Ligand code: HEC
Ligand code: HEC
Ligand code: HEC
Ligand code: HEC
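Numbering (this note's numbering), first residue to last: 1 to 459.
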């Protein structure tokens with residue numbers, strides 16, 4: 001009895017002190033929204049006061065002029081140097097120019113990109129970058145529907161009326177990222193408070209959103225085992241990236257995770273959207289931003305001479321859906337429909353879908369399932385969800401062009417992409433098996449698009 005009283009006397013004031021300290025974190029009211037099953041603690045906690053202040057601080061989205069009649073001569077036939085938007089009728093083309101001026105350079109006007117004496121001239125780097133950005137935006141809307149959905153993306157999603165988006169990242173200076181030989185040993189990028197003011201890795205983005213390092217770090221068993229090795233530094237990078245996700249979307253971890261296990265996929269659908277978002281960010285950085293490095297003036301590059309790159313915050317800027325889910329892209333045919341006109345990617349064969357076998361095709365050097373192929377994947381998921389006893393065996397194939405080691409790695413990444421998508425859709429791990437990468441024999445020259453494929457056999 002006495003001991004209990006003593007404990008109460010000791011813990012009572014401590015509890016009060018703790019409650020008092022915690023109350024200092026955020027002034028009420030707070031609002032909680034249930035995200036997942038009751039009792040799993042999956043609630044999104046918001047503060048309406050802070051949300052309202054944030055909303056008030058956001059600039060208003062510029063109004064859209066309505067689309068113009070589709071008749072009239074095409075821009076490519078009237079102007080001299082139109083390579084991406086050539087299929088648009090002239091009035092629509094001009095409306096697009098007015099809109100991108102509003103989105104990217106409202107203060108500077110047309111001459112931010114154009115030489116006023118000759119609009120066809122490409123001497124300003126801003127125009128060259130913009131042409132590539134037009135292609136990137138088309139690619140986003142046409143091929144990344146798995147992430148951007150019906151909301152879509154315009155230049156405004158990232159730029160918000162500024163020539164340079166407010167949220168971009170560069171690779172951290174070499175001394176900061178990881179450094180051997182100094183008196184302090186190697187800090188593995190730690191202790192340079194950055195994301196969420198933590199001391200976790202200062203730059204998780206270079207390896208995870210530009211490189212293809214795995215983000216999933218948890219081992220398959222509770223106890224350490226020799227077959228599975230993942231350095232603690234990788235886990236720190238994963239957590240740093242996750243902090244970025246939370247900050248970028250203005251949400252907490254339970255928005256995407258059922259926190260009984262961060263590795264398990266019995267999580268809200270947002271996690272699958274985020275999974276596609278990771279692949280999308282990698283694609284944008286590798287295919288569009290990095291190749292622009294030499295186009296940008298030197299003083300615009302980062303500490304390691306790299307161009308600015310995209311992460312979640314570039315589009316999201318604190319909201320779970322960029323611009324609160326306001327759909328702008330659909331009004332601009334030049335940012336959505338004419339994607340194929342640029343002739344960027346050669347057509348792939350349509351995905352094959354059968355009761356015992358699915359075949360999905362990939363672009364050159366790519367491990368992403370885009371456009372039609374993503375639909376083929378969705379069909380496979382439906383089949384596996386309906387036939388609960390089927391087991392899928394996944395084999396990645398590569399062409400004979402290029403070096404064997406790189407090709408095998410690519411074939412493996414392709415097989416992983418399909419496996420991860422199946423797991424992400426809730427298919428049990430035991431129902432998904434991987435086979436070794438294979439080379440397609442018949443295709444020596446390596447141009448045949450059918451060679452770059454993943455075959456999924458269902459048994
Ligand atoms: C953010 C950069 C940017 C801004 C601002 C901009 N443009 Fe353009 N403009 C481009 C790009 C890029 C092209 C080439 C498009 C293509 O290749 O499909 C282009 C092409 C053109 C052309 C075709 C020229 C030719 O003969 O080839 C005209 C005309 C034009 N723009 C007018 C305008 C006008 C008028 C404005 C201001 C209201 C404007 N642009 C603002 C980037 C811009
Ligand atoms: C997914 C995000 C994203 C979208 C969408 C996007 N951009 Fe960009 N843009 C960037 C990034 C990142 C940079 C590099 C910024 C930096 O260097 O700081 C950039 C740079 C630019 C620049 C160079 C600015 C400068 O001063 O150096 C121009 C011009 C530009 N974009 C035009 C466009 C146009 C036009 C569109 C729409 C057709 C567009 N962007 C869509 C992310 C985006
Ligand atoms: C916007 C959605 C989203 C948010 C918010 C988010 N995560 Fe994640 N998380 C993911 C996705 C998607 C993956 C899997 C990535 C992959 O497979 O490439 C993941 C993976 C992880 C992993 C690795 C699991 C494994 O299999 O080893 C951990 C740990 C993790 N998250 C922790 C967190 C923590 C802690 C937070 C909050 C600070 C958080 N996450 C917030 C989407 C999210
Ligand atoms: C090119 C711009 C862009 C980038 C970059 C981007 N997103 Fe998104 N994201 C969107 C758009 C647009 C939507 C809205 C989709 C819709 O309406 O269905 C969205 C939706 C989401 C959602 C679903 C939100 C909800 O309320 O259901 C999640 C989760 C998400 N993004 C996570 C991420 C993560 C994590 C990253 C970084 C790895 C990322 N996004 C990068 C444009 C982007």
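From the three backbone atoms N, C-alpha and C, an ideal C-beta is built for every residue, glycine too.
From a predicted model like this one, the values you see are computed outputs, not experimental measurements.
- Spanning the alpha carbons of residue 378 and residue 306 requires a straight line of approximately 36 angstroms.
- By alpha-carbon distance to residue 48, the top candidate from 28, 96, 133 is 28.
- Residue pairing of residue 237 in beta bridges, as defined by DSSP: absent, with no partner found.
- Assigned with DSSP and collapsed to three states, residue 290 falls in helix.
- Taking every protein chain shown into account, the CB of residue 240 has 16 or more other CB atoms within 10 angstroms, so this residue is buried.
- Annotation for residue 315 indicates a beta carbon at 7 angstroms or more from all heavy atoms of ligand 3.
- Take residue 267, set aside five residues on each side of it, and the residues of its chain with a beta-carbon closer than 7 angstroms to its own are 256, 257, 258, in chain order.
- Listed in chain order, the non-local C-beta contacts of residue 392 below 6 angstroms within the same chain comprise 432, 456, 458, local neighbours out to five positions each way being set aside.
- Taking C-alpha positions only, residue 201 is separated from residue 189 by approximately 5 angstroms.
- Between residue 115 and residue 329, the gap from beta carbon to beta carbon reaches 8 angstroms or more.
- Assignment of residue 82 by DSSP, reduced to helix, strand and coil, places it in the coil class.
- Ligand 1 never approaches residue 123 closely enough for any of its heavy atoms to be under 7 angstroms from the residue's Cβ.
- Counted as a single uninterrupted DSSP element, the beta strand (DSSP E) harbouring residue 361 occupies residues 357-361.
- Along the stretch 38-68, the alpha helix (DSSP H) occurs as fully enclosed runs of 4 or more residues at 48-57, listed in sequence order.
- Excluding the 5 residues flanking it on each side, residue 220 has same chain C-beta neighbours closer than 7 angstroms at 228, in chain order.
- Straight-line measurement puts the Cα of residue 65 at about 31 angstroms from the Cα of residue 296.
- For residue 458, the enclosing beta strand (DSSP E) starts and ends at 453-458.
- Here residue 243 is near residue 198, since their CB atoms are less than 8 angstroms apart.
- The Cβ-Cβ distance between residue 216 and residue 263 falls below 8 angstroms.
- About 7 angstroms separates the beta carbons of residue 278 and residue 209, which is inside the 8 angstroms limit, making them a contact pair.
- Nearest C-alpha to residue 91 among 84, 71, 364: 71.
- Beta-carbon to beta-carbon, residue 412 and residue 396 are separated by about 6 angstroms, close enough to satisfy the 8 angstroms threshold.
- The Cβ atoms of residue 426 and residue 265 lie closer than 8 angstroms to each other.
- Secondary structure at residue 382: helix, using DSSP grouped into helix, strand and coil.
- Residue 434 is bridged by DSSP to 394.
- Just measuring C-alpha positions, the residue of 394, 408, 385 sitting nearest residue 428 is 385.
- For residue 388, the secondary structure class from DSSP, reduced to helix, strand or coil, is coil.
- For residue 383, same chain residues with a beta-carbon under 8 angstroms away, outside a window of 5 residues either side, are 353, 355, 358, 390, 458 in chain order.
- Close CB contacts of residue 325 within its chain, under the 7 angstroms cut and outside five residues either way in sequence, are with 151 (chain order).
- Within the model, the alpha-carbon separation for residue 407 versus residue 41 is close to 44 angstroms.
- Judged by their CB atoms, residue 394 and residue 310 are not nearer to each other than the 8 angstroms cut-off.
- Secondary structure at residue 92: helix, using DSSP grouped into helix, strand and coil.
- Burial state of residue 100 is buried, judged by a 10 Å Cβ sphere holding 16 or more other Cβ atoms.
- Residue environment analysis places residue 300 among the exposed positions, since fewer than 16 neighbouring C-beta atoms fall within 10 angstroms of its C-beta.
- Spatial neighbours of residue 285 in its own chain (CB-CB distance under 7 angstroms, excluding positions within 5 residues in sequence) are listed in chain order as 209, 210, 309, 310.
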